[in-house]
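Enquirer: Numbering (the working numbering), first residue to last: 132 to 235.
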């Protein structure tokens with residue numbers, strides 16, 4: 132089983148940019164106000180870079196002032212999930228893709 136997991140991780144790492152891999156697989160984050168989608172106003176759907184699942188509709192996007200894209204609600208009730216994150220000495224909610232568990 133471990134060989135299959137190792138190969139799928141290698142395939143994903145080869146398909147994603149190093150930053151995409153770090154963010155989605157290692158729960159990294161990009162600096163605020165630096166991402167390509169923070170100021171994006173185009174109509175459409177935001178999809179998971181790992182599995183392609185629909186995450187958020189652009190009509191649900193708003194400017195939270197945090198420097199990262201923010202959304203009122205997911206594309207469907209089961210598109211994303213949250214889990215408690217206690218890293219960095221604080222309690223926060225981590226948002227993940229329910230299809231592949233990628234950190235968003």
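No residue lacks a Cβ here, since even glycine has one placed at the ideal position from N, Cα and C.
Could you tell me if residue 211 is buried or exposed, where buried requires 16 or more neighbouring beta carbons within 10 angstroms of its beta carbon?
Expert: One-based indexing of the chain shown puts residue 211 at position 80. Residue 211 should be labelled buried.
Enquirer: Using a 10 Å radius around the Cβ and a threshold of 16 neighbouring Cβ atoms, would you call residue 177 buried or exposed?
Expert: Sequence index remark: in the chain shown, residue 177 carries index 46 (1-based). Around the beta carbon of residue 177, 16 or more other beta carbons lie within 10 angstroms, which makes this residue buried.
Enquirer: Give a yes or no on contact between the segment 190-208 and the segment 162-177, applying the rule of three or more CB pairs nearer than 8 Å.
Expert: Output reads yes: the segment 162-177 touches the segment 190-208.
Enquirer: Alpha carbon to alpha carbon, how far is residue 139 from residue 172?
Expert: Along the chain shown, read from residue 1 onward, the residue named residue 139 stands at position 8. Along the chain shown, read from residue 1 onward, the residue named residue 172 stands at position 41. Using only the alpha carbons, I get a separation of about 34 Å.
Enquirer: Between which two residues does the beta strand (DSSP E) holding residue 213 run?
Expert: For the purposes of this step, residue 213 is taken as the residue at position 82 of the chain shown. Run containing residue 213: 211-216, per the beta strand (DSSP E) assignment.
Enquirer: Where residue 149 and residue 160 are concerned, what is the direct C-alpha to C-alpha distance, given to the nearest angstrom?
Expert: As a working note, residue 149 is residue 18 in the chain shown. As a working note, residue 160 is residue 29 in the chain shown. Taking the straight line joining both Cα atoms gives about 12 Å.
Enquirer: Classify residue 141 as helix, strand or coil using the three-state DSSP reduction.
Expert: Here residue 141 refers to the residue found at position 10 when the chain shown is read from its first residue. Here residue 141 sits in helix by DSSP.
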